[in-house]
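Please read the structure below before turning to the comments.
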Ligand code: ADP
Ligand code: NI
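Residue numbers (the numbering used here): 15 to 228.
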């Protein structure tokens with residue numbers, strides 16, 4: 015099997031598994047992260063095959079749907095990758111990336127390939143797409159879009175962050191506007207800066223409209 019065929023089978027596998035998922039980790043999130051990762055890799059290098067496989071598999075079993083069990087994803091991915099008869103070294107690299115990139119762990123991946131996939135994933139949480147995802151998530155959780163009486167919070171623990179029921183606009187200050195400073199690669203920093211500016215302009219317009227000023 016060629017690498018191209020192996021990537022096609024991986025994309026088909028992931029797509030079938032995530033089709034219709036409504037919380038921001040659907041197939042189209044994977045698709046966008048995959049495209050972001052290819053764009054970054056073009057400038058930054060790294061093993062493109064590993065980067066593509068890891069992008070495709072990075073959310074294969076979201077821990078939020080498995081009682082916080084973060085080992086499910088890597089296990090599902092490993093079982094799938096074995097069916098592609100890949101070199102063991104490639105499988106190990108992909109699994110390590112999956113273990114390293116989740117935001118909740120907040121660690122910097124040990125490989126360039128991992129840092130690129132993490133950047134690609136974080137880019138999808140900001141900019142025009144990030145805004146759409148935040149409000150989609152907030153609607154799913156039945157949250158207000160904004161409430162001037164509830165300021166953004168700082169969370170002492172990850173548990174507290176996951177439990178919060180704040181309006182969606184607060185999420186911009188609690189996470190989205192912080193992401194640009196967490197990018198690993200120069201290429202992603204540049205892309206993130208543009209998406210960040212777009213969000214700032216969006217918020218500015220939002221508040222003006224809120225008070226009927228624009
Ligand atoms: P990740 O993909 O980094 O694990 P999450 O699972 O936390 O991110 O979130 C998936 C998507 O939902 C992201 O776009 C994120 O910004 C959005 N999201 C997460 N929590 C909230 C929230 N409290 N309010 C609005 N959007 C959220
Ligand atoms: Ni993701």
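Quick reminder that beta carbons are idealized off the backbone N, C-alpha and C, glycines included.
Determine the DSSP secondary structure at residue 122, reduced to helix, strand or coil. If you number the chain shown from 1, residue 122 lands on position 108. In the structure shown, residue 122 adopts coil according to DSSP, grouped into three states.
What does the alpha-carbon distance come out to for the pair residue 201 and residue 180? The residue labelled residue 201 in the question sits at position 187 within the chain shown. The residue labelled residue 180 in the question sits at position 166 within the chain shown. About 33 Å.
To which residues of the same chain is residue 115 closer than 7 Å at the C-beta, ignoring the five residues directly before and after it? In the chain shown, the residue the question calls residue 115 occupies position 101. Within its own chain, the residues whose Cβ lies closer than 7 Å to the Cβ of residue 115, once the five positions on either side in sequence are excluded, are 72, 123, 128, 131, 132, 135, listed in chain order.
Can you confirm whether the region 137-152 touches the region 205-222 when touching is taken to mean that 3 or more C-beta pairs between the two stretches lie within less than 8 Å? Using a C-beta cut-off of 8 Å, the region 205-222 makes contact with the region 137-152, since at least three inter-stretch Cβ pairs fall below that distance.
Here's the rule I'm using: 16 or more other beta-carbon atoms within 10 Å means buried, otherwise exposed. How should residue 152 be labelled? Start at 1 with the first residue of the chain shown, and residue 152 comes out as number 138. Classification for residue 152: buried.
Relative to the ligand NI, what is the chain-ordered list of residues with a Cβ closer than 5 Å to any of its non-hydrogen atoms? For the ligand NI, the selected residues are 73, 135.
Chain B beta carbons: is any one of them nearer than 8 Å to that of residue 182? Within the model displayed, chain B is absent; a lone protein chain is all it includes.
How many angstroms separate the CA atom of residue 102 from the CA atom of residue 52? Taking the first residue of the chain shown as 1, we reach residue 102 at position 88. Taking the first residue of the chain shown as 1, we reach residue 52 at position 38. One C-alpha to the other measures close to 23 Å.
Measure the beta-carbon distance from residue 145 to residue 45 and round it to whole angstroms, keeping in mind my assumption that it falls under 8 Å. Position 131 of the chain shown holds residue 145. Position 31 of the chain shown holds residue 45. Not confirmed; about 18 Å, so no contact.
If we ignore side chains and look at the alpha-carbon of each, how far apart do residue 137 and residue 221 end up? Mapped onto the chain shown, residue 137 falls at position 123. Mapped onto the chain shown, residue 221 falls at position 207. When the Cα atoms are used, residue 137 and residue 221 turn out to be separated by approximately 24 Å.
Residue 141 lies in the alpha helix (DSSP H); which residues open and close that run? Locating residue 141 in the chain shown gives position 127, counting from the first residue. Unbroken alpha helix (DSSP H) run through residue 141: 141-154.
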